[in-house]
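Step one of this worksheet: look at the structure below.
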Amino acid sequence: MSKRLTYLTAIYLIMVGYYLSFSKYGFNVWDEGGFANGSLRAMKGELAGRDFNPIGYMPGRYELGAFLYDVFGVHLQSLRIGIALLTPAMILALYASALRIMPPGFAFLASACLFVAPSMYYNRFFTLFAVLNMFCLIRFIESRKASTLFVLVVAFLASAYFKFEVALFSACITIFVLAIFYFEHWRAGNTSLQELKIPLRQRGSVFWMIVFGMVGLISMLIYHVYSIDLYGKGVKQVLDSYTVWGNPFPEVLPVGKVYGAIGGHRYFMRLLFYIPLMLYVLTGALLILRFVNKRRRRDMADYYLLIVLAFGVCSFGLVLWRAGQDNLMRTLACSYILLGYFLYLLWKRVVHSQISATGRIAMNLLVTLLPFLYVYEMNTHHGFYVGSIGAMKQETERVKIDRMDIFTNKDEAQWIPEVVDRIEKYSRPGEPVFALPLNPIFYFLSDRINPTAYDWILPGMLNEKEESDVVETLRRNSPKVVVYVDIPIDGKEERRFLNYAPHIFQYLTENYSFKEQIGIFQILLPRGKP
1 MSKRLTYLTA
11 IYLIMVGYYL
21 SFSKYGFNVW
31 DEGGFANGSL
41 RAMKGELAGR
51 DFNPIGYMPG
61 RYELGAFLYD
71 VFGVHLQSLR
81 IGIALLTPAM
91 ILALYASALR
101 IMPPGFAFLA
111 SACLFVAPSM
121 YYNRFFTLFA
131 VLNMFCLIRF
141 IESRKASTLF
151 VLVVAFLASA
161 YFKFEVALFS
171 ACITIFVLAI
181 FYFEHWRAGN
191 TSLQELKIPL
201 RQRGSVFWMI
211 VFGMVGLISM
221 LIYHVYSIDL
231 YGKGVKQVLD
241 SYTVWGNPFP
251 EVLPVGKVYG
261 AIGGHRYFMR
271 LLFYIPLMLY
281 VLTGALLILR
291 FVNKRRRRDM
301 ADYYLLIVLA
311 FGVCSFGLVL
321 WRAGQDNLMR
331 TLACSYILLG
341 YFLYLLWKRV
351 VHSQISATGR
361 IAMNLLVTLL
371 PFLYVYEMNT
381 HHGFYVGSIG
391 AMKQETERVK
401 IDRMDIFTNK
411 DEAQWIPEVV
421 DRIEKYSRPG
431 EPVFALPLNP
441 IFYFLSDRIN
451 PTAYDWILPG
461 MLNEKEESDV
471 VETLRRNSPK
481 VVVYVDIPID
491 GKEERRFLNY
501 APHIFQYLTE
511 NYSFKEQIGI
521 FQILLPRGKP
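Numbered according to my numbering, the sequence shown spans residues 1 to 530.
If you want it as C-alpha coordinates, here you go:
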(Lines of atoms letter the chains of each structure in order from A and count residues from 1; the text may use other names and numbers.)
(Lines give C-alpha, C1' and ligand atoms only; values in the text may rest on other atoms or scores of the structure.)
Protein backbone atom coordinates (compact mmCIF):
# COMPACT_ATOMS: atom_id res chain seq x y z
CA MET A 1 0.00 0.00 0.00
CA SER A 2 1.43 3.37 -1.01
CA LYS A 3 2.09 6.03 1.59
CA ARG A 4 -0.51 8.34 0.02
CA LEU A 5 -3.20 5.65 0.14
CA THR A 6 -2.30 4.92 3.74
CA TYR A 7 -2.73 8.59 4.64
CA LEU A 8 -6.06 8.82 2.81
CA THR A 9 -7.34 5.68 4.50
CA ALA A 10 -6.31 6.99 7.91
CA ILE A 11 -7.96 10.37 7.26
CA TYR A 12 -11.11 8.64 6.01
CA LEU A 13 -11.35 6.42 9.10
CA ILE A 14 -10.76 9.37 11.43
CA MET A 15 -13.58 11.31 9.76
CA VAL A 16 -15.93 8.32 9.89
CA GLY A 17 -15.16 7.88 13.58
CA TYR A 18 -15.80 11.58 14.17
CA TYR A 19 -19.22 11.51 12.51
CA LEU A 20 -20.21 8.28 14.25
CA SER A 21 -19.26 9.77 17.63
CA PHE A 22 -22.31 12.04 17.57
CA SER A 23 -24.54 10.19 15.11
CA LYS A 24 -27.15 9.43 17.78
CA TYR A 25 -27.64 13.09 18.70
CA GLY A 26 -30.52 15.01 17.18
CA PHE A 27 -33.72 14.04 15.43
CA ASN A 28 -36.21 15.58 13.02
CA VAL A 29 -39.65 14.21 13.81
CA TRP A 30 -40.97 15.62 10.52
CA ASP A 31 -38.55 14.85 7.72
CA GLU A 32 -36.30 12.04 8.93
CA GLY A 33 -39.11 9.50 8.84
CA GLY A 34 -39.40 9.90 5.08
CA PHE A 35 -35.94 8.39 4.59
CA ALA A 36 -36.48 5.73 7.26
CA ASN A 37 -39.91 4.52 6.18
CA GLY A 38 -39.22 4.92 2.47
CA SER A 39 -36.18 2.68 2.86
CA LEU A 40 -38.34 0.13 4.68
CA ARG A 41 -40.90 0.17 1.86
CA ALA A 42 -38.09 -0.29 -0.66
CA MET A 43 -36.80 -3.20 1.40
CA LYS A 44 -40.23 -4.82 1.04
CA GLY A 45 -40.03 -4.54 -2.75
CA GLU A 46 -41.84 -1.25 -3.39
CA LEU A 47 -40.41 1.31 -5.81
CA ALA A 48 -40.33 5.03 -5.04
CA GLY A 49 -42.19 7.05 -7.64
CA ARG A 50 -44.39 4.11 -8.57
CA ASP A 51 -45.60 2.43 -5.39
CA PHE A 52 -44.99 5.21 -2.87
CA ASN A 53 -44.01 8.87 -2.78
CA PRO A 54 -45.17 9.55 -6.36
CA ILE A 55 -44.20 13.16 -5.71
CA GLY A 56 -40.94 12.97 -3.83
CA TYR A 57 -37.38 11.78 -3.94
CA MET A 58 -35.74 9.49 -6.46
CA PRO A 59 -35.46 5.76 -5.59
CA GLY A 60 -31.70 5.77 -5.01
CA ARG A 61 -31.84 7.02 -1.42
CA TYR A 62 -34.41 4.37 -0.53
CA GLU A 63 -32.56 1.55 -2.29
CA LEU A 64 -29.43 2.53 -0.39
CA GLY A 65 -31.43 2.62 2.84
CA ALA A 66 -32.82 -0.84 2.13
CA PHE A 67 -29.27 -2.10 1.60
CA LEU A 68 -28.18 -0.54 4.90
CA TYR A 69 -31.09 -2.25 6.65
CA ASP A 70 -29.95 -5.57 5.19
CA VAL A 71 -26.40 -5.00 6.43
CA PHE A 72 -26.91 -3.31 9.80
CA GLY A 73 -30.52 -4.17 10.64
CA VAL A 74 -33.81 -2.27 10.44
CA HIS A 75 -32.90 0.62 12.71
CA LEU A 76 -32.65 4.38 12.32
CA GLN A 77 -28.97 4.21 13.25
CA SER A 78 -28.29 2.01 10.20
CA LEU A 79 -29.09 4.95 7.91
CA ARG A 80 -26.89 7.30 9.89
CA ILE A 81 -24.00 4.85 9.77
CA GLY A 82 -24.34 4.70 5.98
CA ILE A 83 -24.30 8.48 5.64
CA ALA A 84 -21.31 8.70 7.99
CA LEU A 85 -19.45 6.28 5.72
CA LEU A 86 -20.22 8.38 2.62
CA THR A 87 -19.61 11.88 4.00
CA PRO A 88 -15.77 11.73 4.11
CA ALA A 89 -15.72 11.12 0.34
CA MET A 90 -17.54 14.44 -0.07
CA ILE A 91 -15.03 16.25 2.15
CA LEU A 92 -12.05 14.78 0.31
CA ALA A 93 -13.59 15.61 -3.08
CA LEU A 94 -14.11 19.22 -2.04
CA TYR A 95 -10.52 19.43 -0.77
CA ALA A 96 -9.20 17.96 -4.03
CA SER A 97 -11.31 20.41 -6.05
CA ALA A 98 -10.09 23.36 -4.01
CA LEU A 99 -6.46 22.28 -4.50
CA ARG A 100 -6.81 23.04 -8.22
CA ILE A 101 -7.15 26.77 -7.53
CA MET A 102 -5.42 27.41 -4.20
CA PRO A 103 -2.59 26.10 -1.97
CA PRO A 104 -3.22 23.20 0.45
CA GLY A 105 -3.62 25.42 3.50
CA PHE A 106 -6.50 27.37 2.01
CA ALA A 107 -8.04 24.21 0.55
CA PHE A 108 -7.95 22.78 4.05
CA LEU A 109 -9.80 25.81 5.42
CA ALA A 110 -12.52 25.37 2.79
CA SER A 111 -12.92 21.66 3.46
CA ALA A 112 -12.91 22.26 7.23
CA CYS A 113 -16.03 24.40 6.86
CA LEU A 114 -17.84 21.56 5.09
CA PHE A 115 -16.41 19.00 7.50
CA VAL A 116 -17.97 20.62 10.57
CA ALA A 117 -21.35 21.39 8.97
CA PRO A 118 -22.15 18.91 6.17
CA SER A 119 -25.95 19.34 6.65
CA MET A 120 -28.49 16.88 8.05
CA TYR A 121 -28.06 13.13 7.57
CA TYR A 122 -31.22 12.44 5.61
CA ASN A 123 -30.77 15.34 3.17
CA ARG A 124 -27.04 15.07 2.53
CA PHE A 125 -27.33 13.42 -0.89
CA PHE A 126 -27.80 16.79 -2.61
CA THR A 127 -24.49 18.11 -1.29
CA LEU A 128 -22.72 14.79 -1.73
CA PHE A 129 -23.50 14.42 -5.42
CA ALA A 130 -23.07 18.11 -6.23
CA VAL A 131 -19.52 18.02 -4.81
CA LEU A 132 -18.65 14.66 -6.40
CA ASN A 133 -19.94 15.75 -9.81
CA MET A 134 -18.01 19.00 -9.55
CA PHE A 135 -14.81 17.12 -8.73
CA CYS A 136 -15.33 14.61 -11.57
CA LEU A 137 -15.89 17.44 -14.06
CA ILE A 138 -12.73 19.22 -12.88
CA ARG A 139 -10.78 15.98 -13.25
CA PHE A 140 -12.09 15.48 -16.78
CA ILE A 141 -11.22 19.03 -17.83
CA GLU A 142 -7.82 18.56 -16.23
CA SER A 143 -6.91 15.22 -17.86
CA ARG A 144 -9.31 15.03 -20.84
CA LYS A 145 -9.06 11.24 -20.92
CA ALA A 146 -11.67 8.62 -21.77
CA SER A 147 -11.35 7.14 -18.28
CA THR A 148 -12.23 10.41 -16.54
CA LEU A 149 -15.07 10.97 -19.02
CA PHE A 150 -16.44 7.55 -18.10
CA VAL A 151 -16.19 8.33 -14.38
CA LEU A 152 -17.94 11.66 -14.99
CA VAL A 153 -20.86 10.02 -16.80
CA VAL A 154 -21.19 7.31 -14.16
CA ALA A 155 -21.22 10.01 -11.47
CA PHE A 156 -23.98 11.86 -13.32
CA LEU A 157 -26.05 8.68 -13.68
CA ALA A 158 -25.59 7.76 -10.03
CA SER A 159 -26.61 11.24 -8.94
CA ALA A 160 -29.67 11.07 -11.22
CA TYR A 161 -30.85 7.98 -9.33
CA PHE A 162 -30.56 9.89 -6.05
CA LYS A 163 -31.03 13.58 -6.90
CA PHE A 164 -32.21 14.11 -10.45
CA GLU A 165 -31.92 17.89 -10.26
CA VAL A 166 -28.22 17.58 -9.39
CA ALA A 167 -27.60 15.36 -12.42
CA LEU A 168 -29.55 17.79 -14.61
CA PHE A 169 -27.64 20.93 -13.67
CA SER A 170 -24.35 18.98 -13.64
CA ALA A 171 -24.91 17.98 -17.26
CA CYS A 172 -25.82 21.55 -18.22
CA ILE A 173 -22.70 22.89 -16.51
CA THR A 174 -20.55 20.34 -18.34
CA ILE A 175 -21.91 21.40 -21.72
CA PHE A 176 -21.50 25.07 -20.82
CA VAL A 177 -17.90 24.72 -19.59
CA LEU A 178 -16.84 22.54 -22.52
CA ALA A 179 -18.35 25.06 -24.94
CA ILE A 180 -16.37 27.90 -23.36
CA PHE A 181 -13.25 25.74 -23.20
CA TYR A 182 -13.44 24.87 -26.89
CA PHE A 183 -14.37 28.45 -27.89
CA GLU A 184 -11.36 29.87 -26.07
CA HIS A 185 -9.04 27.42 -27.80
CA TRP A 186 -10.70 28.07 -31.17
CA ARG A 187 -10.17 31.79 -30.66
CA ALA A 188 -6.53 31.04 -29.94
CA GLY A 189 -6.28 29.11 -33.23
CA ASN A 190 -6.36 25.61 -31.72
CA THR A 191 -9.31 23.72 -33.22
CA SER A 192 -8.05 20.15 -33.28
CA LEU A 193 -9.78 17.75 -30.92
CA GLN A 194 -6.59 15.72 -30.77
CA GLU A 195 -4.56 18.78 -29.77
CA LEU A 196 -7.13 19.55 -27.10
CA LYS A 197 -6.87 15.92 -25.97
CA ILE A 198 -10.64 15.53 -25.90
CA PRO A 199 -11.22 11.77 -26.14
CA LEU A 200 -13.75 11.73 -28.96
CA ARG A 201 -11.63 9.93 -31.56
CA GLN A 202 -10.06 7.19 -29.52
CA ARG A 203 -10.45 3.64 -30.78
CA GLY A 204 -10.05 0.16 -29.45
CA SER A 205 -12.16 -2.39 -27.65
CA VAL A 206 -11.82 -0.70 -24.26
CA PHE A 207 -13.08 2.62 -25.57
CA TRP A 208 -16.09 1.03 -27.28
CA MET A 209 -16.87 -0.98 -24.17
CA ILE A 210 -16.98 2.31 -22.28
CA VAL A 211 -19.24 3.85 -24.92
CA PHE A 212 -21.69 0.93 -25.00
CA GLY A 213 -21.67 0.75 -21.21
CA MET A 214 -22.57 4.43 -20.93
CA VAL A 215 -25.31 4.06 -23.56
CA GLY A 216 -26.73 1.13 -21.62
CA LEU A 217 -26.71 3.02 -18.33
CA ILE A 218 -28.29 6.09 -19.90
CA SER A 219 -30.98 3.92 -21.54
CA MET A 220 -31.87 2.31 -18.22
CA LEU A 221 -32.09 5.71 -16.57
CA ILE A 222 -34.31 7.10 -19.34
CA TYR A 223 -36.59 4.06 -19.07
CA HIS A 224 -36.87 4.51 -15.32
CA VAL A 225 -37.62 8.24 -15.63
CA TYR A 226 -40.32 7.42 -18.19
CA SER A 227 -41.82 4.59 -16.11
CA ILE A 228 -42.39 6.79 -13.05
CA ASP A 229 -43.40 9.89 -15.06
CA LEU A 230 -40.67 11.96 -13.43
CA TYR A 231 -41.56 15.15 -15.27
CA GLY A 232 -45.27 15.04 -14.50
CA LYS A 233 -44.85 13.92 -10.89
CA GLY A 234 -41.59 15.61 -9.99
CA VAL A 235 -40.24 18.43 -12.14
CA LYS A 236 -43.59 20.01 -12.95
CA GLN A 237 -44.76 19.66 -9.36
CA VAL A 238 -41.65 21.42 -8.06
CA LEU A 239 -42.18 24.32 -10.45
CA ASP A 240 -45.91 24.58 -9.76
CA SER A 241 -45.54 24.30 -5.99
CA TYR A 242 -43.18 27.26 -5.66
CA THR A 243 -46.09 29.68 -5.36
CA VAL A 244 -47.55 27.79 -2.38
CA TRP A 245 -44.36 26.44 -0.83
CA GLY A 246 -41.67 29.07 -1.36
CA ASN A 247 -40.34 31.34 1.38
CA PRO A 248 -38.72 34.78 1.14
CA PHE A 249 -35.17 35.36 2.32
CA PRO A 250 -34.95 36.29 6.02
CA GLU A 251 -34.61 39.95 6.91
CA VAL A 252 -31.23 41.26 8.09
CA LEU A 253 -31.92 45.02 7.93
CA PRO A 254 -31.98 47.26 9.85
CA VAL A 255 -29.07 45.54 11.56
CA GLY A 256 -29.59 46.95 15.05
CA LYS A 257 -33.29 46.15 15.20
CA VAL A 258 -33.07 42.63 13.77
CA TYR A 259 -29.91 41.75 15.70
CA GLY A 260 -31.46 42.94 18.95
CA ALA A 261 -34.64 40.96 18.33
CA ILE A 262 -33.15 37.57 17.44
CA GLY A 263 -29.61 37.58 18.90
CA GLY A 264 -26.18 37.13 17.39
CA HIS A 265 -26.26 33.43 16.54
CA ARG A 266 -29.58 33.52 14.72
CA TYR A 267 -28.52 36.72 12.96
CA PHE A 268 -25.37 34.95 11.78
CA MET A 269 -27.51 32.20 10.22
CA ARG A 270 -29.52 34.85 8.40
CA LEU A 271 -26.36 36.44 7.03
CA LEU A 272 -25.39 33.07 5.57
CA PHE A 273 -28.26 33.42 3.10
CA TYR A 274 -26.57 36.49 1.57
CA ILE A 275 -22.84 35.69 1.82
CA PRO A 276 -22.93 33.09 -1.00
CA LEU A 277 -24.63 35.59 -3.31
CA MET A 278 -21.87 38.11 -2.64
CA LEU A 279 -19.22 35.47 -3.36
CA TYR A 280 -20.93 34.47 -6.61
CA VAL A 281 -21.11 38.07 -7.81
CA LEU A 282 -17.44 38.69 -6.96
CA THR A 283 -16.34 35.47 -8.65
CA GLY A 284 -18.43 36.17 -11.73
CA ALA A 285 -16.96 39.66 -12.04
CA LEU A 286 -13.43 38.30 -11.59
CA LEU A 287 -13.91 35.64 -14.28
CA ILE A 288 -15.39 38.13 -16.74
CA LEU A 289 -12.39 40.40 -16.28
CA ARG A 290 -10.03 37.48 -16.79
CA PHE A 291 -11.75 36.11 -19.88
CA VAL A 292 -12.05 39.48 -21.64
CA ASN A 293 -8.45 40.40 -20.88
CA LYS A 294 -6.68 39.40 -24.10
CA ARG A 295 -3.25 40.21 -22.70
CA ARG A 296 -3.62 37.71 -19.87
CA ARG A 297 -2.75 34.12 -20.65
CA ARG A 298 -5.62 31.77 -19.93
CA ASP A 299 -4.98 29.53 -16.93
CA MET A 300 -6.65 26.15 -16.34
CA ALA A 301 -7.45 27.40 -12.84
CA ASP A 302 -9.87 29.85 -14.48
CA TYR A 303 -11.91 26.94 -15.85
CA TYR A 304 -11.85 25.19 -12.49
CA LEU A 305 -13.03 28.39 -10.82
CA LEU A 306 -15.80 28.67 -13.41
CA ILE A 307 -16.92 25.12 -12.61
CA VAL A 308 -17.01 25.87 -8.88
CA LEU A 309 -19.01 29.04 -9.51
CA ALA A 310 -21.47 27.25 -11.80
CA PHE A 311 -22.11 24.47 -9.30
CA GLY A 312 -22.50 27.02 -6.53
CA VAL A 313 -25.05 29.09 -8.44
CA CYS A 314 -27.06 26.05 -9.56
CA SER A 315 -27.02 24.52 -6.09
CA PHE A 316 -28.22 27.80 -4.60
CA GLY A 317 -31.36 27.46 -6.68
CA LEU A 318 -32.60 25.16 -3.92
CA VAL A 319 -32.54 28.12 -1.53
CA LEU A 320 -34.20 30.40 -4.07
CA TRP A 321 -37.01 27.84 -4.41
CA ARG A 322 -37.51 27.58 -0.65
CA ALA A 323 -35.41 29.70 1.69
CA GLY A 324 -34.81 27.59 4.78
CA GLN A 325 -31.83 26.73 6.96
CA ASP A 326 -31.92 23.07 5.95
CA ASN A 327 -31.81 23.94 2.25
CA LEU A 328 -29.14 26.58 2.79
CA MET A 329 -26.70 24.22 4.50
CA ARG A 330 -26.93 21.80 1.59
CA THR A 331 -25.79 24.46 -0.89
CA LEU A 332 -22.77 26.05 0.83
CA ALA A 333 -20.00 23.67 -0.32
CA CYS A 334 -18.94 25.77 -3.31
CA SER A 335 -19.14 28.94 -1.22
CA TYR A 336 -16.53 27.48 1.12
CA ILE A 337 -14.16 27.04 -1.84
CA LEU A 338 -14.81 30.56 -3.10
CA LEU A 339 -14.29 32.04 0.36
CA GLY A 340 -10.99 30.20 0.65
CA TYR A 341 -10.00 31.39 -2.82
CA PHE A 342 -10.61 35.07 -2.08
CA LEU A 343 -8.77 34.75 1.22
CA TYR A 344 -5.90 33.24 -0.75
CA LEU A 345 -5.90 36.13 -3.25
CA LEU A 346 -5.90 38.62 -0.38
CA TRP A 347 -3.09 36.80 1.41
CA LYS A 348 -1.07 36.50 -1.80
CA ARG A 349 -1.34 40.20 -2.55
CA VAL A 350 -0.35 41.22 0.97
CA VAL A 351 2.56 38.83 1.54
CA HIS A 352 4.08 39.72 -1.83
CA SER A 353 4.04 43.38 -0.92
CA GLN A 354 6.69 45.05 1.17
CA ILE A 355 5.46 44.46 4.71
CA SER A 356 7.23 43.44 7.89
CA ALA A 357 7.39 39.93 9.29
CA THR A 358 4.95 41.00 11.98
CA GLY A 359 2.54 42.17 9.31
CA ARG A 360 2.76 38.84 7.53
CA ILE A 361 2.03 36.97 10.75
CA ALA A 362 -0.96 39.22 11.34
CA MET A 363 -2.17 38.52 7.79
CA ASN A 364 -1.83 34.77 8.28
CA LEU A 365 -3.88 34.99 11.45
CA LEU A 366 -6.50 37.13 9.73
CA VAL A 367 -7.11 34.76 6.80
CA THR A 368 -7.50 31.80 9.15
CA LEU A 369 -9.68 33.66 11.64
CA LEU A 370 -12.79 33.87 9.46
CA PRO A 371 -13.05 30.14 8.62
CA PHE A 372 -12.28 29.12 12.19
CA LEU A 373 -14.88 31.53 13.56
CA TYR A 374 -17.34 29.71 11.31
CA VAL A 375 -16.10 26.34 12.58
CA TYR A 376 -16.46 27.53 16.18
CA GLU A 377 -19.94 28.92 15.57
CA MET A 378 -21.19 25.72 13.96
CA ASN A 379 -19.71 23.45 16.62
CA THR A 380 -20.84 25.42 19.66
CA HIS A 381 -24.10 27.17 18.77
CA HIS A 382 -25.60 24.92 16.10
CA GLY A 383 -26.10 21.20 15.95
CA PHE A 384 -28.23 18.57 14.28
CA TYR A 385 -29.71 20.80 11.59
CA VAL A 386 -26.28 21.72 10.25
CA GLY A 387 -24.80 18.26 10.90
CA SER A 388 -22.32 19.43 13.54
CA ILE A 389 -21.05 17.94 16.78
CA GLY A 390 -22.82 20.78 18.56
CA ALA A 391 -25.84 18.47 18.66
CA MET A 392 -24.27 16.68 21.63
CA LYS A 393 -24.74 19.79 23.75
CA GLN A 394 -28.22 20.64 22.49
CA GLU A 395 -29.89 17.21 22.35
CA THR A 396 -29.80 15.76 25.87
CA GLU A 397 -32.85 13.53 26.33
CA ARG A 398 -32.54 9.90 25.26
CA VAL A 399 -35.25 7.99 23.40
CA LYS A 400 -34.63 4.26 23.24
CA ILE A 401 -37.39 2.23 21.63
CA ASP A 402 -37.55 -0.48 19.01
CA ARG A 403 -35.80 0.69 15.80
CA MET A 404 -34.53 3.95 17.33
CA ASP A 405 -31.98 4.99 19.94
CA ILE A 406 -31.33 8.74 19.78
CA PHE A 407 -30.95 11.89 21.87
CA THR A 408 -33.36 14.73 21.23
CA ASN A 409 -35.06 17.59 23.06
CA LYS A 410 -37.15 17.06 26.18
CA ASP A 411 -40.56 17.47 24.52
CA GLU A 412 -39.95 15.09 21.63
CA ALA A 413 -38.35 12.57 23.98
CA GLN A 414 -41.67 12.44 25.83
CA TRP A 415 -44.03 12.64 22.86
CA ILE A 416 -42.53 10.08 20.47
CA PRO A 417 -42.70 6.99 22.73
CA GLU A 418 -46.22 7.92 23.84
CA VAL A 419 -47.50 8.28 20.27
CA VAL A 420 -45.92 4.94 19.31
CA ASP A 421 -47.50 3.38 22.40
CA ARG A 422 -50.98 4.59 21.38
CA ILE A 423 -50.54 3.30 17.83
CA GLU A 424 -49.55 -0.10 19.20
CA LYS A 425 -52.46 -0.02 21.66
CA TYR A 426 -55.16 0.62 19.06
CA SER A 427 -53.76 -1.40 16.14
CA ARG A 428 -51.79 -4.55 15.37
CA PRO A 429 -48.53 -4.90 13.40
CA GLY A 430 -49.15 -4.69 9.67
CA GLU A 431 -52.47 -2.88 10.03
CA PRO A 432 -52.99 0.51 8.36
CA VAL A 433 -52.55 3.76 10.24
CA PHE A 434 -52.35 7.28 8.86
CA ALA A 435 -49.86 9.93 10.05
CA LEU A 436 -50.10 13.39 8.57
CA PRO A 437 -49.21 15.83 7.28
CA LEU A 438 -45.52 14.92 7.67
CA ASN A 439 -44.96 12.15 10.22
CA PRO A 440 -43.88 8.97 8.39
CA ILE A 441 -41.53 8.17 11.26
CA PHE A 442 -44.50 6.62 13.08
CA TYR A 443 -45.04 4.05 10.32
CA PHE A 444 -41.42 3.04 10.72
CA LEU A 445 -41.36 2.93 14.52
CA SER A 446 -44.68 1.12 14.96
CA ASP A 447 -44.32 -1.38 12.07
CA ARG A 448 -47.68 -0.27 10.71
CA ILE A 449 -48.41 0.40 7.05
CA ASN A 450 -49.50 3.53 5.28
CA PRO A 451 -52.53 2.57 3.15
CA THR A 452 -51.79 5.38 0.67
CA ALA A 453 -48.85 6.05 -1.62
CA TYR A 454 -48.09 9.33 0.17
CA ASP A 455 -45.83 9.27 3.22
CA TRP A 456 -46.39 13.01 3.51
CA ILE A 457 -48.96 15.46 2.16
CA LEU A 458 -47.76 19.06 1.92
CA PRO A 459 -49.04 22.26 0.30
CA GLY A 460 -49.15 22.13 -3.49
CA MET A 461 -48.71 18.36 -3.72
CA LEU A 462 -52.19 17.18 -4.67
CA ASN A 463 -54.79 18.50 -7.05
CA GLU A 464 -58.48 17.86 -6.41
CA LYS A 465 -58.56 14.55 -8.30
CA GLU A 466 -55.45 13.21 -6.57
CA GLU A 467 -56.87 14.22 -3.22
CA SER A 468 -60.12 12.40 -4.01
CA ASP A 469 -58.12 9.31 -4.97
CA VAL A 470 -56.44 9.37 -1.56
CA VAL A 471 -59.84 9.55 0.12
CA GLU A 472 -61.07 6.55 -1.89
CA THR A 473 -57.97 4.61 -0.87
CA LEU A 474 -58.63 5.44 2.78
CA ARG A 475 -62.25 4.30 2.44
CA ARG A 476 -61.17 0.94 1.00
CA ASN A 477 -58.50 0.37 3.65
CA SER A 478 -59.47 2.47 6.63
CA PRO A 479 -56.69 3.32 9.10
CA LYS A 480 -57.09 1.96 12.62
CA VAL A 481 -55.41 5.06 14.04
CA VAL A 482 -54.79 8.56 12.69
CA VAL A 483 -51.94 10.70 14.03
CA TYR A 484 -52.71 14.28 13.07
CA VAL A 485 -50.82 17.54 13.61
CA ASP A 486 -52.81 20.74 13.14
CA ILE A 487 -50.27 23.51 12.63
CA PRO A 488 -49.85 26.28 10.04
CA ILE A 489 -46.61 25.34 8.25
CA ASP A 490 -44.17 28.28 8.27
CA GLY A 491 -46.76 30.14 10.35
CA LYS A 492 -49.02 30.64 7.31
CA GLU A 493 -52.70 29.75 7.64
CA GLU A 494 -53.01 28.76 3.99
CA ARG A 495 -50.48 26.03 4.80
CA ARG A 496 -52.66 24.48 7.49
CA PHE A 497 -53.76 20.99 6.44
CA LEU A 498 -57.50 21.71 6.40
CA ASN A 499 -56.89 24.60 3.97
CA TYR A 500 -54.70 22.83 1.41
CA ALA A 501 -56.22 19.31 1.63
CA PRO A 502 -59.91 19.96 2.42
CA HIS A 503 -61.26 16.67 1.01
CA ILE A 504 -58.96 14.52 3.13
CA PHE A 505 -59.68 16.68 6.16
CA GLN A 506 -63.42 16.28 5.59
CA TYR A 507 -63.00 12.50 5.40
CA LEU A 508 -61.20 12.55 8.75
CA THR A 509 -63.83 14.69 10.48
CA GLU A 510 -66.66 12.49 9.19
CA ASN A 511 -65.08 9.15 10.09
CA TYR A 512 -62.78 9.78 13.07
CA SER A 513 -63.12 11.30 16.51
CA PHE A 514 -60.57 12.85 18.83
CA LYS A 515 -59.17 10.49 21.47
CA GLU A 516 -56.33 12.38 23.11
CA GLN A 517 -53.60 14.97 22.60
CA ILE A 518 -49.92 14.12 23.08
CA GLY A 519 -47.97 17.33 22.72
CA ILE A 520 -48.72 18.56 19.20
CA PHE A 521 -50.00 15.15 18.06
CA GLN A 522 -53.70 14.37 18.01
CA ILE A 523 -54.71 10.70 18.26
CA LEU A 524 -57.86 10.05 16.22
CA LEU A 525 -59.82 6.78 16.28
CA PRO A 526 -62.68 5.54 14.04
CA ARG A 527 -66.05 6.81 15.23
CA GLY A 528 -67.77 4.35 17.52
CA LYS A 529 -64.51 2.76 18.69
CA PRO A 530 -64.09 2.98 22.49
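Positions of the beta carbon are idealized from the N, C-alpha and C atoms, including for glycine. All values reported here derive from a predicted model rather than from experimental measurement.
In this structure Asp421 is exposed. Its beta-carbon is surrounded by fewer than 16 other beta-carbon atoms within 10 angstroms. In the structure shown, the three-state DSSP call for Leu345 is helix.
Between the beta-carbon of Cys136 and that of Leu152 there is about 4 Å, and that keeps the pair under the 8 Å contact cut. Within the DSSP secondary-structure output, Asp405 pairs in a beta bridge with Lys400.
Between Tyr443 and Val471, the gap from beta carbon to beta carbon reaches 7 Å or more. Below 8 Å, enough C-beta pairs join the segment 272 to 284 and the segment 321 to 337 to call them touching: three or more. For the pair Ser513 and Arg496, the CB atoms are not nearer than the 7 Å cut-off. In the DSSP annotation of this structure, the continuous segment of the alpha helix (DSSP H) that includes Phe372 starts and ends at 357 to 381. In the three-state DSSP reduction, Gln506 falls in the helix class (H, G or I).
Taking the Cα positions, Pro59 is about 31 Å away from Tyr304. Residue burial annotation: Thr331 is buried, with at least 16 other C-beta atoms found within 10 angstroms of its C-beta. When Ala112, Thr396, Phe125, Ile83 are compared, the shortest CA-CA separation from Leu94 is found for Ala112. Within 10 angstroms of the beta-carbon of Ser427 lie 16 or more other beta-carbons, which makes it buried. Between Thr87 and Tyr19, the C-beta gap is smaller than 7 Å, which places the two residues in contact.
Here Ala391 is near Tyr25, since their CB atoms are less than 7 Å apart.
Going by DSSP, Ile523 is part of no alpha helix (DSSP H) but of the beta strand (DSSP E) stretching over 521 to 526. At a Cβ-Cβ threshold of 7 Å, Ala117 and Val386 count as neighbours.
Fewer than three Cβ pairs drawn from the segment 97 to 111 and the segment 64 to 73 lie within less than 8 Å of each other, which leaves the two stretches out of contact. Comparing alpha carbon positions, the residue from Leu438, Phe129, Ala362 closest to Ala155 is Phe129. Gln414 and Pro54 have their C-alpha atoms spaced approximately 33 Å apart.
Annotated three-state conformation of Phe273 is coil, per DSSP. A direct Cα-to-Cα measurement between Glu467 and Pro459 gives close to 12 Å.
If you check the CB distance, Phe27 and Thr408 come in under 7 Å.
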